[in-house]
Amino acid sequence: MPELPEVETIVRELRQPLVGRTFTQVIVRWEKTIQTPVAEFKHNLPGKQIESIRRRAKYIWFHLSGGWSLFIHLKMSGNLQVLPVSTPCEKHVHTILRLDNGHEVRFKDTRKFGRAYLTRDPETVTGHLGPEPLADNFTLADFKALFHRKKGRLKPLLLNQAFIAGLGNIYADEACHDAGILPNRTADTLSAVELERLYHSIRKVLNHGIMHRGATFDEVYPGGKFQNFFQVYGRTGEPCRTCDQPVERIVLSSRSTHFCPNCQR
DNA sequence: CTAAAATCCTGGTGGC
DNA sequence: TGCCACCAGGATTTTA
155 MPELPEVETI
165 VRELRQPLVG
175 RTFTQVIVRW
185 EKTIQTPVAE
195 FKHNLPGKQI
205 ESIRRRAKYI
215 WFHLSGGWSL
225 FIHLKMSGNL
235 QVLPVSTPCE
245 KHVHTILRLD
255 NGHEVRFKDT
265 RKFGRAYLTR
275 DPETVTGHLG
285 PEPLADNFTL
295 ADFKALFHRK
305 KGRLKPLLLN
315 QAFIAGLGNI
325 YADEACHDAG
335 ILPNRTADTL
345 SAVELERLYH
355 SIRKVLNHGI
365 MHRGATFDEV
375 YPGGKFQNFF
385 QVYGRTGEPC
395 RTCDQPVERI
405 VLSSRSTHFC
415 PNCQR
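This is how it looks when you write it as structure tokens:
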């Protein structure tokens with residue numbers, strides 16, 4: 155379940171092997187992965203060179219020659235491998251993008267939720283997204299303004315990518331705990347002081363995640379270490395690292411939500 | 001407007 | 001050991 159820090163780490167690791175490469179061939183084994191019409195995708199991708207790779211929210215964004223953009227969203231279980239064509243292909247590889255150097259990009263995705271988009275208009279994919287929480291120009295005032303006349307509960311708001319981009323279940327729970335705010339609070343009850351704490355906590359937990367190269371989960375994304383630093387996520391019944399009270403779990407908008415009833419108010 | 005539920009998927013788990 | 005019901009979980013879509 156890659157969230158912002160995992161996707162950021164993956165993007166950084168893809169740059170060295172992929173920037174400058176040109177796609178030569180597309181093999182699609184599970185067509186639902188491709189969100190743009192498959193025939194267009196297969197026709198338009200070969201011949202395009204990767205000029206740069208960035209991240210927007212949880213999307214991996216390949217800037218291609220000719221003004222094209224390839225977006226890949228890993229969703230729950232997606233994983234990108236860059237391997238020589240001769241390497242035996244693992245199970246659950248649904249799309250293969252051949253390169254001009256004898257290697258290929260393999261989109262492996264056990265649960266088949268991952269999606270790829272090829273477009274000349276990036277806005278069609280990312281246009282609905284809220285602000286990047288780690289952007290230099292994303293200020294406390296901007297964050298507070300997001301809450302203007304918002305009435306829903308805090309956790310679902312933080313998970314809403316149109317509200318703020320990049321948080322998922324793990325980092326939303328961790329940010330609420332760091333800020334000392336209960337995730338089921340109604341958004342319009344948060345004080346100015348609480349909003350300020352939350353703003354800094356969101357950026358803090360995301361930066362910590364990136365620093366530890368993300369969190370490794372279900373062995374989908376190897377290499378991350380942040381799972382060792384979770385304060386509440388997945389720790390139901392275990393003692394809070396701050397106060398020793400057992401971490402509690404509730405369900406909010408059908409998502410597991412973990413919090414410390416003592417540290418969070 | 002908010003919000004809850006259904007949808008898409010498969011591997012892992014727990015009950016019997 | 002086998003069978004099966006059930007669950008997680010991001011984002012979108014549907015329904016209330």
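The first sequence begins at 155 in my numbering and counts up one residue at a time.
Beta carbons are placed, not taken as given, at the ideal position from N, Cα and C, and that holds for glycine.
Since this is a predicted model, take the numbers as computed values, not measurements.
When DSSP states are grouped into helix, strand and coil, residue 233 belongs to the strand group. Under the three-pair Cβ rule at 8 Å, the region 293-313 does not count as touching the region 358-373. Counting C-beta pairs with one atom in each stretch, the region 322-330 and the region 403-417 have three or more that are closer than 8 Å, which means they touch.
By the Cβ neighbour-count rule, residue 275 is exposed, with fewer than 16 other Cβ atoms within 10 Å of its own. If only uninterrupted alpha helix (DSSP H) runs of at least 4 residues are considered, those enclosed by the region 313-374 are 323-333, 346-365. Fewer than three beta-carbon pairs drawn from the region 191-198 and the region 250-261 are found closer than 8 Å, and the two stretches are therefore not classed as touching.
Judged by DSSP in its simplified three-state form, residue 217 adopts strand. Between the region 332-348 and the region 158-166, the count of C-beta pairs closer than 8 Å stays below three; the two stretches do not touch.
Secondary structure at residue 285: coil, using DSSP grouped into helix, strand and coil.
Residue 187 carries a helical assignment under DSSP once its states are collapsed to helix, strand and coil. Residue environment analysis places residue 302 among the exposed positions, since fewer than 16 neighbouring C-beta atoms fall within 10 angstroms of its C-beta. Residue 381 carries a helical assignment under DSSP once its states are collapsed to helix, strand and coil. In this structure residue 415 is exposed. Its beta-carbon is surrounded by fewer than 16 other beta-carbon atoms within 10 angstroms. Under the DSSP assignment, residue 177 falls in the beta strand (DSSP E) whose first and last residues are 177-182. Excluding five sequence positions before and after residue 230, the CB atoms of its chain that fall closer than 7 Å to its own CB belong to 155, 265, 267, given in chain order.
Of all alpha-carbon atoms in 238, 252, 176, 220, the one lying nearest the alpha-carbon of residue 182 is that of 252. Taken in chain order, the complete beta strand (DSSP E) segments of 3 residues or longer contained in the region 244-314 are 247-253, 257-263, 269-273.
Residue 203 has 176 as its beta-bridge partners, per DSSP.
Between residue 247 and the set 240, 175, 179, 232, the nearest pair of CA atoms involves 232. If you ignore the 5 residues before and after residue 407, its C-beta comes within less than 6 Å of the C-beta of 310, all in its own chain and listed in chain order. Burial check for residue 240: the Cβ neighbour count within 10 Å stays below 16, so the residue is exposed. Judged by beta-carbon spacing, residue 204 lies within the 8 Å limit of residue 172, meaning their Cβ atoms are closer than that value. Within 10 angstroms of the beta-carbon of residue 389 lie 16 or more other beta-carbons, which makes it buried. Its Cα nearest to that of residue 236, the residue 170 stands out among 170, 317, 401. With fewer than 16 other Cβ atoms from the protein chains shown falling within 10 Å of its own Cβ, residue 376 counts as exposed.
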